[in-house]
Each structure stands twice: as C-alpha cells, then as structure tokens.
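Numbering (my numbering), first residue to last: 35 to 278. What follows is a set of notes on a single structure, which appears directly below.
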Ligand SMILES: C[S@@+](CC[C@H](N)C(=O)[O-])C[C@H]1O[C@@H](n2cnc3c(N)ncnc32)[C@H](O)[C@@H]1O
C-alpha cells in the first residue's frame, strides 16, 4: 500500500496544519465557530507540555513537516526531527534552509488557493536537522536526548511497543518525554494484535514503568482542514513523562 504521507494531498494538508495563520484555516481564525482552541497543535504540543528551560539535545519523532522541531529549537541547542516520509522531510529541510515553501490549499473540487508556509519567527534553523528515518529503527549513533517529543505517532506505527521499548536507552536521566495520541488505532497502520487491549494510557504506563514517571496528562484538541467545509476535529491525549 502506498504511504499516504508521501502524497501531495497530505503534504499540502500538513503544511497548512503546521504553518498556516488561523485565518487561513478557519473564517475569523475560529473565533466565531469556537474552533480556535484546536489550532496551532504543533506549537501547543511543545509549549503546553514542556517548560522552555534550556536543554541540550531534543528529538522530534514523526516530525512531519517540522513545526514542533522549530519550536523546540528556541530553547534546545540541538534538535533532530525524524520522519518516515521523504516528502515531509524535503519540505521541512526547505523551510529550514530557505525559510519558505509554497503549497496549495484545497478549498473545494478544482478550487485551490496558493499559500506559502514560512519558518516561524523565533526558530533557530542552525540548531535543527531533519532526517528521513524510522522511529522504530533509529540509526545506532543517534546518541541520547534530554527531550523526546512524539506527537500523534504511536498509533501510526505497525508495532508501537518497539518504539516504547527503545525510549529508555534514548533518554538521559531527568529527561522529558512528550507523547500525544488521539488513540485512533486503525488496522491500516497497526495490526489489531498490536493495539492496546485496554485504555492507551494504561498501556503506556505498562510499557514505560519503571523507567519513566508520569508527570501530567491533558487533552489537546486539534483540527486538520481537508477543504473549506470539511475538517477533522480530534482530541489528543498528551502525557508527559520524566526519565528516572
Ligand atoms: C499523524 S502524523 C503526526 C505528525 C506530527 N507529529 C503532528 O503532530 O502533526 C504521523 C507522522 O508520523 C510519520 N511516521 C509514520 N511512521 C513513522 C515511522 N516509522 N518513523 C517515523 N515517522 C513515522 C508520518 O510520516 C507522519 O508524518
């Protein structure tokens, strides 16, 4: 099956999701519809879950087109963003190197609007490296990290418990782990035998104890615009853990 995250449709949707101004996604930025709080998810998974105290090394697994990696670069000395999609990583690198990527927003049918994704103000591009790779099979010399951020990745992996098993050796003592997931377990990504048998949070605890202590759990809504009149509204469960 072709990887949907290599398609132009998803690339355009994710550039919009990560970089568009609120008004480019919803009329009046969602203030009238009450949907505004679901915007800027790739920023909020960083700023609402992690204090901006200086850190040395951060890893953004499943970084897509890179917005959270740029957010991390404002307070981390080195950020590695990894995604399986070549198309997403090419766009993230272009944003880092050139500061902008043009894309098309689908409005309806044949109607599209030309927009430009821009590297966010405050990002430190010289601190960020984007790599195409597999979160479950990281290169051996990647080292260890003070912060690992994996937003909405686990329920897109064929065997997510393998990634969880790798986390203790990937993180330095006292390091922060941010996992968010809308718990949308789907057979097309994860065979049902690899889904949690109970609530996802219990399953995370089972896999991460005792190497990690759970600090906070919160709901973080997000909105992905498909067309001017069709949106996916989802509620991610975000958990923050400390490496013991
Ligand atoms: C639902 S998206 C979330 C993207 C981004 N973190 C966000 O919150 O907007 C899942 C991402 O995980 C990536 N992905 C899927 N399998 C992966 C793997 N094995 N290793 C690294 N990235 C993967 C996809 O290409 C996609 O960018």
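We put the CB at the ideal spot given by N, CA and C, even for glycine.
Requested in this report: Determine the burial state of residue 47: buried for a count of at least 16 other Cβ atoms within 10 Å of its Cβ, exposed for fewer.
Outcome: Counting the other Cβ atoms within 10 Å of the Cβ of residue 47 gives 16 or more, which makes it buried.
Query raised in the report: Looking at C-beta atoms only, is the number of pairs between the segment 199-212 and the segment 179-191 that lie closer than 8 Å three or more?
Result: Short answer: they touch.
Query raised in the report: So, helix, strand or coil for residue 140, using DSSP?
Result: In the three-state scheme derived from DSSP, where H, G and I count as helix and E and B as strand, residue 140 is classed as strand.
Requested in this report: Could you name the residues of the same chain whose beta carbon sits closer than 8 Å to that of residue 142, not counting the 5 residues immediately before and after it, in chain order?
Outcome: Contacts found: 261, 262 and 263.
**Report entry** Alpha carbon of residue 123 to alpha carbon of residue 62, nearest angstrom
**Finding:** Our two residues, residue 123 and residue 62, have alpha carbons roughly 31 Å apart in a direct line.
Requested in this report: Ignore the nearest five residues each way along the sequence and tell me which others in residue 202's own chain have a CB closer than 6 Å to its CB.
Outcome: Closer than 6 Å at the Cβ level, and outside the excluded window around residue 202, lie 245.
Report task. Enumerate in chain order the residues of its own chain whose CB-to-CB distance from residue 111 is below 8 Å, with the five nearest sequence positions on each side excluded. Result -> Excluding residues up to 5 positions away in sequence, 88, 89, 90, 91 and 161 lie with their Cβ nearer than 8 Å to the Cβ of residue 111 in the same chain.
Report task. Hey, could you find the ends of the alpha helix (DSSP H) residue 197 is sitting in? Result -> For residue 197, the enclosing alpha helix (DSSP H) starts and ends at 194-204.
Query raised in the report: With distances taken from CA atoms, which of 221, 177, 216 and 204 is nearest residue 192?
Result: Of the listed residues, the one whose Cα sits closest to residue 192 is 221.
**Report entry** Cβ neighbours of residue 278 in the same chain (closer than 8 Å, five flanking residues each side left out)
**Finding:** Beyond the five residues adjoining it in sequence on each side, residue 278 comes within less than 8 Å, by CB distance, of 207, 244, 245, 246 and 247 in the same chain, given in chain order.
**Report entry** Residue range of the beta strand (DSSP E) that includes residue 166
**Finding:** It spans 162-166 - the beta strand (DSSP E) in which residue 166 sits, taken as one unbroken run.
**Report entry** Residue interval of the alpha helix (DSSP H) (run including residue 292)
**Finding:** Because residue 292 is not part of the residues shown, which for the chain are 35 to 278, the question remains open.
Report task. Would you mind sorting residue 240 into buried or exposed? The rule is 16 or more other CB atoms within 10 Å of its CB. Result -> Answer is exposed; the Cβ neighbour count stays below 16.
Report task. Write down the C-beta distance between residue 108 and residue 86 rounded to the nearest angstrom, noting that I regard them as a contact closer than 8 Å. Result -> Contact between residue 108 and residue 86 holds: CB atoms are separated by about 7 Å, below the 8 Å threshold.
Requested in this report: May I ask whether a heavy atom of ligand 1 can be found less than 8 Å away from the beta carbon of residue 234?
Outcome: The closest heavy atom of ligand 1 lies 8 Å or more from the beta carbon of residue 234.
Query raised in the report: Going by DSSP, what residues sit across from residue 264 in a beta bridge?
Result: According to DSSP, residue pairing for residue 264 in a beta bridge involves 261.
Requested in this report: Using three-state DSSP, classify residue 5 as helix, strand or coil.
Outcome: Nothing about residue 5 can be read from this structure; the chain reaches only from 35 to 278.
Query - residue 42 classed as buried or exposed, judged by whether at least 16 other C-beta atoms fall within 10 angstroms - result: By the 10 Å Cβ count, residue 42 comes out exposed.
Query raised in the report: What is the rounded straight-line gap between the Cα of residue 152 and the Cα of residue 135?
Result: The alpha-carbon atoms of residue 152 and residue 135 are separated by roughly 7 Å.
Report task. State the Cα-Cα distance for the pair residue 114 and residue 204, rounded to the nearest angstrom. Result -> Distance from the CA of residue 114 to the CA of residue 204, rounded to the nearest whole angstrom, comes to 13 Å.
Query raised in the report: Which of the three DSSP states, helix, strand or coil, is assigned to residue 171?
Result: Residue state, collapsed to three classes: strand.
Report task. Name the two residues that bound the continuous alpha helix (DSSP H) containing residue 77. Result -> Its alpha helix (DSSP H) spans residues 75-81.
Requested in this report: Please say whether residue 198 and residue 188 have beta carbons closer to each other than 9 Å?
Outcome: Inclusion of residue 188 and residue 198 in the CB contact set at 9 Å is warranted, their separation being smaller than that value.
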